[in-house]
Amino acid sequence: MSHNKITVANQSPDANGNVSVNLSDLSDVTGTPSTGTFLEYNGTNFASVSTASVSVQCIFIGEGGSDAYPRTLVANEEICFYSTNPYNSITSATLNLLSGETDWYESVTLPSGTYYLRGTCVGDFTSTSSPNMTYRFHNGTSMDGAAGASYDSVASGGKYPYEANCMFTLASSTTVYLNINSVTSANSTTSTNQALYGHLYIMKVG
Amino acid sequence: MSHNKITVNSQDPTSAGDVTMSVSSVVGDTPSTGETIVGNASNQYEFGASPTPPDPLLEYFFVCNTNLGGSQGVTAYGYITQYVDNRSGTIYNVESGIESTAQGGEGVTYGGGGTRIHGQILVDQGHYFCEYYSTPRWTSSAGNSVFQYVQGNAGTAEVIGNKAYCYNNSPSRNFYAVVKSTGTNQRVWPKILSNSTQTIGASYGTSQSMIAYKI
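First to last, the protein sequences are chains A and B. According to my numbering, the stretch in the first sequence is residues 1 to 206, in order. According to my numbering, the stretch in the second sequence is residues 1001 to 1215, in order.
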């Protein structure tokens, strides 16, 4: 006799032999339902999601810190951003440090989705050009969005950096960064200007 | 032997011993067209109308400067709040869940304390992102200022953001901050870290805006 050992979704038969199974008992349903929640597939399970839990997911790197830029500016390299405490609330996104550094970030790996990005770089230069540097976001395949520009060091009293910005959709996990398109008279002696004034902001919009 | 008497959700097995299961039999409800599976107050699932899509920003705040009148010399008075003066013209103040005060972070109450002067942002529990689009002007061609969002004169909110250096020939520089707050009415202010001959109370032509939203 083995019928008493039968269970369905871990539910045992009652005295009449009936097994009551509800949605919450299923192996791929998680969470506790309540008013205002609904089931959403998260890639692994159907999870109970509250509308109140939806929030803006974003990344921000920039704190007005004081640390010399970690390398000389070179075309087609990543612009780095400084923070000892960067903010990252984008699920499955990672911030990628420049090799050998603990607080300078050179890129961000983002999951699939649509993103709005803004960023600036305050470059260090040996002489003034117009502009000294331009930069655009790189979406993992090509340059994207509006270019930003840096004209001269802040201390010189010259012009100051313009934000690069763009919006793009990634089909899969991709490493993105603010790319140096062109640079003139880069100074190998770097200052703390980028740590002070530079910033990177990424918002997940879809 | 009694195993043939087993039923699941009162569904009898077929002659082949199979119990047919459907979403309706598991949910225990009958759906109507367009309904989804939602939770209810009894912590059970049922068929019902889809929850209303949430607004993307739970709390938000926007003000900008439209004062067409005079201005105040922040250097002369020692003022160090990059406040937004919206006393004249159109009221540009859209807010929900985030408020402001006319009192600056250094304790100065600007513009007589009116509701159209914005010196500090007040946030409650949660994480917020603050933006400031500064376009100051100076009485000297060599004028310059440095700004940064910092913790205000009430509360203990953590404020982390970049600085902005603005100069007479290139004044429009933005600064941002992430704010983490565990209390209510925690103050955050756009502080003037250093300054040279700036005047506040600019016209539309050199308008400023202060923005915050919950993230």
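We treat Cβ as the ideally placed atom computed from N, Cα and C, and that holds for glycine.
For residue i, the nearest candidate out of the options (CA to CA)
{"i": "GLY123(A)", "options": "SER83(A), THR35(A), PRO161(A) and ASP144(A)", "result": "PRO161(A)"}
{"i": "ASN139(A)", "options": "VAL108(A), SER130(A) and LEU98(A)", "result": "VAL108(A)"}
{"i": "ASN1040(B)", "options": "LEU26(A), SER48(A) and VAL29(A)", "result": "SER48(A)"}
{"i": "THR1090(B)", "options": "ARG1116(B), GLY1107(B), THR1184(B) and PRO1190(B)", "result": "ARG1116(B)"}
{"i": "VAL1063(B)", "options": "GLU1035(B), ASP1124(B), GLU1046(B) and ASN1093(B)", "result": "ASN1093(B)"}
{"i": "THR141(A)", "options": "ASN179(A), SER150(A) and LEU200(A)", "result": "ASN179(A)"}
{"i": "THR35(A)", "options": "VAL1038(B), GLY1034(B) and VAL1146(B)", "result": "VAL1038(B)"}
{"i": "GLY1152(B)", "options": "ASN1168(B), GLN1125(B), THR1101(B) and TRP1138(B)", "result": "THR1101(B)"}
{"i": "ALA1177(B)", "options": "GLY1112(B), VAL1026(B), THR1007(B) and LYS1214(B)", "result": "LYS1214(B)"}
{"i": "SER1170(B)", "options": "PRO1136(B), VAL1179(B), ASN1195(B) and PRO1190(B)", "result": "PRO1136(B)"}
{"i": "GLY1048(B)", "options": "SER55(A), SER20(A) and PHE38(A)", "result": "PHE38(A)"}
{"i": "GLU77(A)", "options": "ASP103(A), THR134(A), ILE61(A) and VAL8(A)", "result": "THR134(A)"}
{"i": "GLY1119(B)", "options": "ASN1065(B), TYR1128(B) and GLU1046(B)", "result": "ASN1065(B)"}
{"i": "ASP1085(B)", "options": "VAL1027(B), GLY1112(B) and GLU1059(B)", "result": "GLY1112(B)"}
{"i": "ASN1195(B)", "options": "LEU1058(B), PRO1056(B) and TYR1167(B)", "result": "TYR1167(B)"}
{"i": "ASN1174(B)", "options": "SER1141(B), GLN1208(B), ALA1142(B) and GLN1198(B)", "result": "GLN1208(B)"}
{"i": "GLU163(A)", "options": "TYR87(A), ARG118(A), GLU101(A) and ASN42(A)", "result": "ARG118(A)"}
{"i": "LEU97(A)", "options": "SER89(A), THR91(A), ILE90(A) and THR84(A)", "result": "THR84(A)"}
{"i": "PHE46(A)", "options": "PHE60(A), LEU23(A) and GLY62(A)", "result": "LEU23(A)"}
{"i": "ALA146(A)", "options": "THR174(A), ASN181(A) and SER173(A)", "result": "ASN181(A)"}
Simplified DSSP state of residue i, which is helix, strand or coil
{"i": "GLY1161(B)", "result": "strand"}
{"i": "ASP1018(B)", "result": "coil"}
{"i": "ASN1168(B)", "result": "coil"}
{"i": "SER12(A)", "result": "coil"}
{"i": "ALA195(A)", "result": "helix"}
{"i": "VAL1023(B)", "result": "helix"}
{"i": "PRO1013(B)", "result": "coil"}
{"i": "GLY206(A)", "result": "coil"}
{"i": "TYR1128(B)", "result": "strand"}
{"i": "GLY148(A)", "result": "strand"}
{"i": "TYR69(A)", "result": "coil"}
{"i": "ALA1212(B)", "result": "strand"}
{"i": "TYR160(A)", "result": "coil"}
{"i": "TYR201(A)", "result": "strand"}
Residues of its chain near residue i, where Cβ-Cβ distance is below 6 angstroms and the 5 sequence neighbours each way are ignored
{"i": "GLY65(A)", "result": "TYR82 and ALA195"}
{"i": "GLY1099(B)", "result": "A small correction: the amino acid at residue 1099(B) is Glu; Gly does not occupy that position in the sequence shown. Only LEU1122 meet the Cβ criterion."}
{"i": "THR1036(B)", "result": "SER1050"}
{"i": "GLN1186(B)", "result": "VAL1123, GLY1155 and ALA1157"}
{"i": "ILE1211(B)", "result": "PHE1062 and GLU1131"}
{"i": "MET1(A)", "result": "Only weak support is given to the placement of MET1(A): the predicted model assigns it a pLDDT of 46, under 50, and the value that follows is read from those uncertain coordinates. Contacts found: none."}
{"i": "TYR197(A)", "result": "VAL122"}
{"i": "VAL1150(B)", "result": "VAL1159 and LYS1191"}
{"i": "GLY1183(B)", "result": "GLY1155"}
{"i": "ALA93(A)", "result": "LEU110"}
Bounding residues of the beta strand (DSSP E) (the contiguous stretch that carries residue i)
{"i": "LEU39(A)", "result": "37-41"}
{"i": "ASN187(A)", "result": "Looking at the DSSP string, ASN187(A) is not in any beta strand (DSSP E), and its letter there is neither H nor E."}
{"i": "CYS166(A)", "result": "164-170"}
{"i": "VAL1179(B)", "result": "1173-1181"}
{"i": "ASN22(A)", "result": "Careful: ASN22(A) lies outside any beta strand (DSSP E) and carries neither H nor E."}
{"i": "TYR1149(B)", "result": "1144-1151"}
{"i": "PRO1190(B)", "result": "1186-1196"}
{"i": "GLU231(A)", "result": "No statement about residue 231(A) is possible, as the shown extent of chain A runs from 1 to 206 and does not include it."}
{"i": "SER182(A)", "result": "174-183"}
{"i": "PHE60(A)", "result": "57-61"}
{"i": "ALA47(A)", "result": "46-50"}
{"i": "LEU282(A)", "result": "Chain A is shown only over 1 to 206; residue 282(A) falls outside these bounds and no answer can be derived."}
{"i": "ASN96(A)", "result": "94-97"}
Cβ-based neighbour list, residue i, same chain, cut-off 7 angstroms, excluding 5 preceding and 5 following
{"i": "SER1024(B)", "result": "THR1030 and PRO1031"}
{"i": "ALA68(A)", "result": "THR190, SER191 and THR192"}
{"i": "SER50(A)", "result": "GLY36 and THR37"}
Sequence-distant residues of the same chain with beta carbon closer than 8 angstroms to residue i, five excluded per side
{"i": "ASP257(A)", "result": "The structure shown has nothing for residue 257(A), since chain A only spans 1 to 206."}
{"i": "THR1007(B)", "result": "PRO1013 and VAL1019"}
{"i": "ALA171(A)", "result": "SER112"}
{"i": "ASN1043(B)", "result": "none"}
{"i": "LEU200(A)", "result": "ILE59, PHE60, ILE61, GLY62, PHE81, TYR105, VAL108, LEU117, ARG118, GLY119 and LEU178"}
{"i": "TYR87(A)", "result": "CYS58, ILE59, PHE60 and ILE61"}
Chain D contact for residue i (CB, 7 angstroms cutoff)
{"i": "SER1196(B)", "result": "No chain D is part of this structure, whose protein chains are labelled A and B."}
beta-carbon residue i near the ligand FMN non-hydrogen atom, thresh 6 angstroms
{"i": "PHE38(A)", "result": "The ligand FMN is not among the ligands present in this structure, which contains no ligands whatsoever."}
*At 3 residues or longer, and completely inside the region 1026-1100 of chain B: list those beta strand (DSSP E) runs for me, N to C.*
1036-1039, 1045-1048, 1060-1064 and 1093-1096
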